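In what follows, a structure is listed as structure tokens, so that the remarks can point back to it.
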Amino acid sequence: MEKYEFVTNTPDETGSFSYRLAQRLSPGDVITLEGDLGAGKTTFTKGLAKGLGITRTVNSPTFTIIKEYKGSLPLYHMDVYRLEHSDEDLGFDEYFNGEGVTVVEWAHLIKDQLPQDRLTIKIEHQGDMKRKITVTPIGERYQHLCEELFSE
Ligand code: ADP
Ligand code: MG
1 MEKYEFVTNT PDETGSFSYR LAQRLSPGDV ITLEGDLGAG KTTFTKGLAK GLGITRTVNS
61 PTFTIIKEYK GSLPLYHMDV YRLEHSDEDL GFDEYFNGEG VTVVEWAHLI KDQLPQDRLT
121 IKIEHQGDMK RKITVTPIGE RYQHLCEELF SE
């Protein structure tokens, strides 16, 4: 599977990547985020939200699992950390197939419930402010999106 790797050196750099990505998103797109606590998943989501024209502050929805924001497209921000490994069907499909863009933090915890096609993003600590970002598109739509995004 093709993947794209790069390093960011500040939170702003991570945010401007997701801001740029946001410009290419469509209803029903799903992005999964992996990375340890403090890696930058929520920082990434904040940049994406800004790119969707969302002015409300985006926080990690630790106690709510799903938060919805209105922008040029709705953003469904999920943090499933507290679910642990759950087989329970919590109706995620309604979001994945909805009118907005879904971002899932700790997505591996609900891996059986994720759509087949998705944009997977892994963020790894490489130093105080340095993060390695690995983007792996699954499915034609996201492969095409990445080809365009990374040739800008
Ligand atoms: P997570 O949601 O993965 O637990 P957060 O985004 O909440 O992580 O926190 C990441 C922290 O790391 C923030 O305080 C952010 O400012 C900081 N940080 C430092 N360098 C970077 C970077 N290059 N990319 C993203 N975040 C960074
Ligand atoms: Mg977070």
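The sequence shown begins at 1 in our numbering and counts up one residue at a time.
Note that the Cβ used here is the ideal one computed from N, Cα and C, for glycine as well.
These numbers come from a predicted model, not from an experiment.
Return yes when at least one heavy atom of the ligand MG lies under 7 angstroms from the C-beta of residue i, else no.
{"i": "SER60", "result": "yes"}
{"i": "LYS41", "result": "yes"}
{"i": "ASP79", "result": "yes"}
{"i": "GLU105", "result": "yes"}
Let me check understanding here. Comparing Cα to Cα, which of the options lies closest to residue i?
{"i": "GLY15", "options": "GLU2, GLU94, LYS122, GLY40", "result": "GLY40"}
{"i": "GLU124", "options": "ILE138, GLN143, PRO11", "result": "PRO11"}
{"i": "LYS3", "options": "LEU73, ARG118, ASN59", "result": "ARG118"}
{"i": "MET78", "options": "PHE44, THR64, ASP89, GLU88", "result": "THR64"}
{"i": "ASP89", "options": "TYR81, ASP112, GLU147", "result": "ASP112"}
{"i": "ILE54", "options": "ALA22, GLU152, CYS146", "result": "ALA22"}
Is the CB-CB distance between residue i and residue j below 8 angstroms?
{"i": "THR120", "j": "THR136", "result": "yes"}
{"i": "ARG141", "j": "THR8", "result": "no"}
{"i": "PHE44", "j": "SER18", "result": "yes"}
{"i": "PRO74", "j": "GLU99", "result": "yes"}
{"i": "ASN97", "j": "GLY28", "result": "yes"}
Cβ of residue i versus every heavy atom of the ligand ADP: is any distance shorter than 7 angstroms?
{"i": "PRO137", "result": "no"}
{"i": "ARG131", "result": "yes"}
{"i": "GLU148", "result": "no"}
{"i": "GLU5", "result": "no"}
Answer yes or no: the CB of residue i versus the heavy atoms of the ligand PLP, is any distance below 7 angstroms?
{"i": "PRO115", "result": "In terms of ligand content, the structure shown lacks the ligand PLP and carries the ligand ADP and the ligand MG instead."}
Task: Validate contact between the stretch 100 to 114 and the stretch 26 to 43 using beta carbons, cut 8 angstroms, 3 pairs - done: yes
Open item on the list: Under 8 angstroms: do the stretch 43 to 55 and the stretch 68 to 88 share three or more Cβ pairs, one atom per stretch?
Closed with: Touching, yes, given that three or more Cβ pairs across the two stretches are closer than 8 angstroms.
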